[in-house]
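The numbering used here runs 83 ahead of the 1-based position in the sequence shown.
Shown next, in structure tokens, is the structure this report addresses.
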Amino acid sequence: MHINIAWQDVDTVLLDMDGTLLDLAFDNYFWQKLVPETWGAKNGVTPQEAMEYMRQQYHDVQHTLNWYCLDYWSEQLGLDICAMTTEMGPRAVLREDTIPFLEALKASGKQRILLTNAHPHNLAVKLEHTGLDAHLDLLLSTHTFGYPKEDQRLWHAVAEATGLKAERTLFIDDSEAILDAAAQFGIRYLPPV
């Protein structure tokens with residue numbers, strides 16, 4: 084991936100967490116294996132039936148805040164998703180290049196803001212096990228604002244809360260739908276997906 088960036092024109096770097104700063108293995112295992120298997124065992128269905136059911140459940144709320152909400156999934160599935168997240172916390176790991184990249188941003192005077200759709204409990208567990216927060220200037224969960232990154236209202240709220248200027252911002256995320264929303268808002272620097 085190559086982005087042509089005029090670094091002297093960048094004040095703020097917004098960063099996604101899962102799949103960008105953290106290895107996505109935690110979430111892939113949790114949502115694609117552990118949750119379906121646990122739900123299936125509780126409800127007496129085959130692993131295949133559980134997986135099909137979960138795919139439909141996930142699809143129904145994709146690109147909404149509920150997709151990311153541990154409370155929503157606990158209620159929908161009758162599972163303690165927060166407790167399961169806590170138990171799996173040690174599986175959360177930083178990507179190999181995360182700390183050097185964040186420290187280079189700091190050394191060049193860029194404001195480093197985490198902007199994640201992760202539920203606050205999910206965020207807290209991952210911070211506890213990775214120490215990521217020590218390398219960022221501000222941490223924002225979209226749950227605080229009531230909208231996911233796919234929603235334009237979120238971008239306006241974040242700009243108001245942080246004072247960021249879209250034309251002087253780099254945003255790094257691994258979701259095409261989210262990058263499209265950021266582009267629509269006017270974020271100047273975005274990676275290709």
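C-beta: ideal position from N, C-alpha, C; glycine also.
Point to revise | Backbone CA spacing between residue 251 and residue 103 [nearest angstrom] | key: Those two C-alpha atoms are separated by around 20 Å.
Exercise for review: With distances taken Cα to Cα, identify the nearest neighbour of residue 99 among 266, 270, 267 and 254.
Suggested key: Cα-wise, what sits closest to residue 99 is 254.
Practice item. Report the partner residues of residue 195 according to the DSSP bridge assignment. Key: According to DSSP, which records beta bridges pairwise, residue 195 is partnered with 96.
Review point. Below 9 Å between beta carbons: does that hold for residue 106 and residue 193?
Key: In this structure, the beta-carbon distance from residue 106 to residue 193 does not fall below 9 Å.
Point to revise | Buried or exposed (CB count within 10 angstroms, at least 16 for buried), residue 227 | key: Exposed, since its Cβ has fewer than 16 Cβ neighbours within 10 Å.
**Study point:** beta strand (DSSP E) runs wholly inside the stretch 187-264, at least 3 long, in chain order
**Key:** Runs found: 194-199, 221-224 and 252-255.
Practice item. Give a yes or no on whether the C-beta atoms belonging to residue 244 and residue 273 are separated by under 9 Å. Key: In this structure, the beta-carbon distance from residue 244 to residue 273 does not fall below 9 Å.
Practice item. Tell me whether the beta-carbon of residue 182 lies closer than 9 Å to the beta-carbon of residue 97. Key: The answer is no: Cβ separation not under 9 Å.
Review point. If we ignore side chains and look at the alpha-carbon of each, how far apart do residue 241 and residue 147 end up?
Key: Whole-angstrom Cα-Cα distance: 17 Å.
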